[in-house]
Amino acid sequence: MLVNSGAEASVIDYKVLKRIGHADEPLQPYDHKLNSVTGHKLKIRGIIDLPVRLGSQERIRPFGVVDRLYVDVILVTDTLTAYRAVFDPNENAFILKDTDEVFPLGTPRIEELHQSKISSTIRL
Numbered sequence: 338m339l340v341n342s343g344a345e346a347s348v349i350d351y352k353v354l355k356r357i358g359h360a361d362e363p364l365q366p367y368d369h370k371l372n373s374v375t376g377h378k379l380k381i382r383g384i385i386d387l388p389v390r391l392g393s394q395e396r397i398r399p400f401g402v403v404d405r406l407y408v409d410v411i412l413v414t415d416t417l418t419a420y421r422a423v424f425d426p427n428e429n430a431f432i433l434k435d436t437d438e439v440f441p442l443g444t445p446r447i448e449e450l451h452q453s454k455i456s457s458t459i460r461l
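To get this note's numbering, take the position in the sequence shown, counting from 1, and add 337.
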């Protein structure tokens, strides 16, 4: 699962939908366009409302169903807002304000960046 504060909609991979037993449920039409983080268009099959449990709280949240997703589920910040979840960077955890439940997060992913300079000499 990925929490993406810049995403427009929560999405779920169709394979995950099959795994959790909701693949045969009807989808609501989705007429908007969504792009991936790389700018490619995401083909949304439709929208499905799914129960999401975070700690002791459960809410019904809408998800766009996608054929191929690089993670199982992407949650947008409105989902966290529905649970009144706040991120505590000092603890590297989400805290539910209503119940004081704490959810530690995994190790933050840090991308390595290597820079090199290539120079060449041309003799005229």
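Glycine included, each C-beta is placed from N, C-alpha and C at the ideal position.
Identify whether residue i lies in helix, strand or coil by the three-state DSSP scheme.
i: alanine 344; result: coil
i: aspartate 415; result: helix
i: valine 374; result: coil
i: arginine 405; result: coil
i: glycine 392; result: coil
i: proline 399; result: strand
i: aspartate 383; result: One point to set straight first is that residue 383 is glycine, not aspartate, in the sequence displayed. Note: glycine 383 maps to strand in three-state DSSP.
Alpha carbon to alpha carbon, how far is residue i from residue j?
i: arginine 398; j: leucine 412; result: 10 angstroms
i: alanine 422; j: alanine 430; result: 10 angstroms
i: valine 402; j: proline 388; result: 14 angstroms
i: serine 378; j: asparagine 372; result: At residue 378 the sequence reads lysine, which differs from the serine that was named. The alpha-carbon atoms of lysine 378 and asparagine 372 are separated by roughly 4 angstroms.
i: glutamine 365; j: threonine 414; result: 22 angstroms
i: asparagine 341; j: valine 374; result: 10 angstroms
i: leucine 354; j: alanine 360; result: 5 angstroms
i: leucine 391; j: glycine 376; result: 30 angstroms
i: histidine 369; j: aspartate 404; result: 16 angstroms
i: valine 410; j: glutamate 345; result: 13 angstroms
To which residues does DSSP link residue i through a beta bridge?
i: valine 353; result: According to DSSP, valine 353 bridges with nothing at all.
i: alanine 430; result: Asp425, Pro441
i: leucine 339; result: Ile411
Flag residue i as yes if its beta-carbon sits less than 7 angstroms from any beta-carbon of chain B, otherwise no.
i: isoleucine 381; result: Of the protein chains in this structure there is only one, and it is not chain B.
Which residue from the options puts its Cα closest to that of residue i?
i: isoleucine 385; options: Ile357, Gly343, Asn427; result: Ile357
i: leucine 433; options: Thr418, Gly383, Tyr407; result: Thr418
i: aspartate 435; options: Lys380, Tyr420, Ala344, Val410; result: Tyr420
i: glycine 383; options: Gly392, Leu391, Arg390, Ser347; result: Ser347
i: glycine 343; options: Thr416, Pro363, Tyr367, Ile381; result: Thr416
Please state if the CB of residue j and the CB of residue i are separated by a distance shorter than 7 angstroms.
i: leucine 339; j: valine 439; result: no
i: aspartate 350; j: leucine 442; result: no
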